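Numbering (my numbering), first residue to last: 1175 to 1285.
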């Protein structure tokens, strides 16, 4: 099960993920990402603190937006991943393509 919440903290849009992302609910993730872009987000932060699992379908959603983010100058950062979820990103080399930080405080300091 997955719950998603979009919080606007100027100038950031924060997408809080809670649960698991798999093929059955990756569409919800996609819709949330599209909504933030359509709402004019310039900075999208994904809070993965309560994300317990992500499948290739979920990873694919993030990957599908990377070009859009680059073209539109949108800053995209994921933070707070558990060691097991972080390992999935790392094994696939996504840590080279996506900015992944340990926590929100680190993100805010570095922006």
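Built from N, CA and C at the ideal position, the CB exists for glycine as well.
Here the structure is a predicted model, which is why all the values come from computation and not from measurement.
Give me, in chain order, the residues of the same chain whose beta-carbon lies closer than 8 angstroms to that of residue i; leave out the 5 immediate sequence neighbours on both sides.
{"i": "residue 1266", "result": "1233"}
Along the chain, where does the beta strand (DSSP E) containing residue i start, and where does it finish?
{"i": "residue 1222", "result": "1217 to 1228"}
Taking the beta carbon of residue i as the centre, do at least 16 other beta carbons fall within 10 Å, making it buried, or is it exposed?
{"i": "residue 1212", "result": "exposed"}
{"i": "residue 1187", "result": "buried"}
Can you list, in chain order, the residues of its chain with a C-beta nearer than 7 angstroms to that of residue i? Leave out the 5 residues immediately preceding and following it.
{"i": "residue 1197", "result": "1229, 1231"}
{"i": "residue 1271", "result": "1240"}
Using C-beta distances below 6 angstroms, list every residue in its chain close to residue i, excluding the 5 sequence neighbours before and after it, in chain order.
{"i": "residue 1273", "result": "1251"}
{"i": "residue 1190", "result": "1179, 1221"}
Quickly, what does DSSP pair residue i with across the bridge? List them, please.
{"i": "residue 1209", "result": "Looking at the DSSP assignment, residue 1209 forms no beta bridge with any residue, so it has no partner."}
Within 8 angstroms (strictly less), CB to CB, does residue i reach chain B?
{"i": "residue 1189", "result": "Considering every chain present, this structure includes no chain B. It has just one protein chain."}
From what residue to what residue does the alpha helix (DSSP H) around residue i run?
{"i": "residue 1265", "result": "1257 to 1265"}
Please confirm whether any heavy atom of the ligand HEM lies closer than 7 angstroms to the CB of residue i.
{"i": "residue 1229", "result": "Of ligands this structure carries none, so the ligand HEM is not represented either."}
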